[in-house]
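Just below is one structure, and these are the notes that go with it.
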Amino acid sequence: MAKLFFGMLTALLLGGAVAAQQGPPPPPKAAPPPNWIDPRNPPKEDPKFAPPRTADGQPKIEGEWAQASDIITYSIEDPELERAEHTAISGQRPMVGRPIIDPIDGKLPYQPWAMKYAAFLHEEHRKPSSIRYLDPVSRGFQEGVPRINYQGTFQIQQFPGMVLFTYDYHHTYRVIPLDGRPHVGKGIKLWMGDSRGHWEGNTLVVDVANNNDQTWLQIVGGFHSDAFHVVERWTLSAPDHIVYLATVDDAKVYSRPWTLRVDMRRQKVEEQWESAIWEGNKTPEIVSGSDK
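Going by my numbering, the sequence shown opens with residue 1, and the numbers climb by one from there.
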């Protein structure tokens, strides 16, 4: 009887030791968001859809556009946080997007050190101890790419050899050459980056380099370095619908590239208005970013 008891005890101890070495079971894999598209396989064009062309052969995407329905201005990582913030302000419960489709957990893939700093910015954003920890957009600076594309309405115009984007926010515009010219020098860093485009079927592919490290991806932070690089894909999938994909890489801050998706809808009647942040938005303290 004693031998049986000690045998069972030994088996239990050995089993516990093996389990301890193996660690806890892995968490369940995150489910893809409803709008998920494998970034390795961008949206397929409908072979039957033949959009009209401009004089120089570009698919015609001119017009006023805006994100289809989802709200993604406060946080691109946390739909519930986004929903709660808009509900507190408006009293309405909006439809909220989950734009990051890769990784499928919808989170920015920060390196460990960067994750700590992102958490710090998240805590600071309501009552920042320094203006440096306040969303640059609220201080009148430009949003950068890709954020400018999910901040409101914008207009696309096409000219021979180029595409022009003009945005409601901050009088921002982007001139995108299509002639294959190289980017500006690596030492030049810009708020909106330096864009170069080409067409692949009905998809406008834009390479955005030369970004500075001053823009954020969301109100609650979402920072990056000056190694930030974006490849945009604007796919005209129907006369009034664009699927926008932006794949981002920044080896200084992120552990891997990541991709977001925003669906755009053509706006039938839209007028662009002057964008003013608030009264006093041109005061030296706000423009300079002074703490005093």
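Yeah, the Cβ is synthetic: ideal placement off N, Cα and C, and Gly gets one too.
Alpha helix (DSSP H) segment containing P117, residue limits: For the record, residue 117 in the displayed sequence is Tyr; it is not Pro. Run containing Y117: 112-124, per the alpha helix (DSSP H) assignment.
Which value, in whole angstroms, describes the spacing of the CA atoms of E123 and E271? 37 Å
Let me check understanding here. Comparing Cα to Cα, which of Q158, R265, S75 lies closest to S237? R265
Assuming K107 and I101 are in contact, meaning their beta carbons sit under 8 Å apart, how far apart are those beta carbons, in whole angstroms? Not confirmed; about 12 Å, so no contact.
Distance between H224 and P59 (C-alpha atoms, nearest Å): 33 Å
Inter-residue spacing [alpha-carbon to alpha-carbon] between H229 and A66: 23 Å
Is the CB-CB distance between Q188 and N210 below 8 Å? In the sequence as presented, Gln is not what sits at residue 188; that position holds Ile. Yes; because the gap between Cβ atoms is below 8 Å, this pair is in contact.
Does DSSP put W273 in a helix, in a strand, or in coil? coil
Among V145, V231, I104, which residue has its Cα nearest to the Cα of E77? I104
C-alpha gap between V295 and Y167, whole angstroms: Given a span of 1 to 292 for the chain in the structure shown, any question on residue 295 remains unanswerable.
Return the CA-CA distance between P112 and D56, expressed in angstroms with no decimal places. 48 Å
Measuring straight from C-alpha to C-alpha, what distance separates V262 and T215? 19 Å
For D194 and I156, what's the separation of their Cα atoms in angstroms? 17 Å
Counted within 10 angstroms of its Cβ, other Cβ atoms place S130 as buried (16 or more) or exposed: exposed
With burial defined as no fewer than 16 other Cβ atoms inside 10 Å of the residue's Cβ, what is the status of P160: buried or exposed? exposed
Can you name, in chain order, every residue of its own chain whose Cβ lies under 8 Å from the Cβ of D250, other than the five neighbours on each side? H224, S225, A227, F228, H229
Contacting residues, own chain, Cβ-Cβ under 7 Å from N212 (five flanking each side not counted): K189, L190, W191, D226
May I ask you to report which of helix, strand or coil DSSP gives P182? coil
Hey, W234 and T259 are a contact pair by Cβ (cut 8 Å); roughly how many whole angstroms apart? Not a contact, Cβ separation roughly 14 Å.
Take the Cβ of E200 as the centre, count every other Cβ of all protein chains shown within 10 Å, and call the residue buried at 16 or more, exposed below. exposed
For E80, which of helix, strand or coil comes out of DSSP? helix
What are the boundary residues of the beta strand (DSSP E) that includes M162? 162-167
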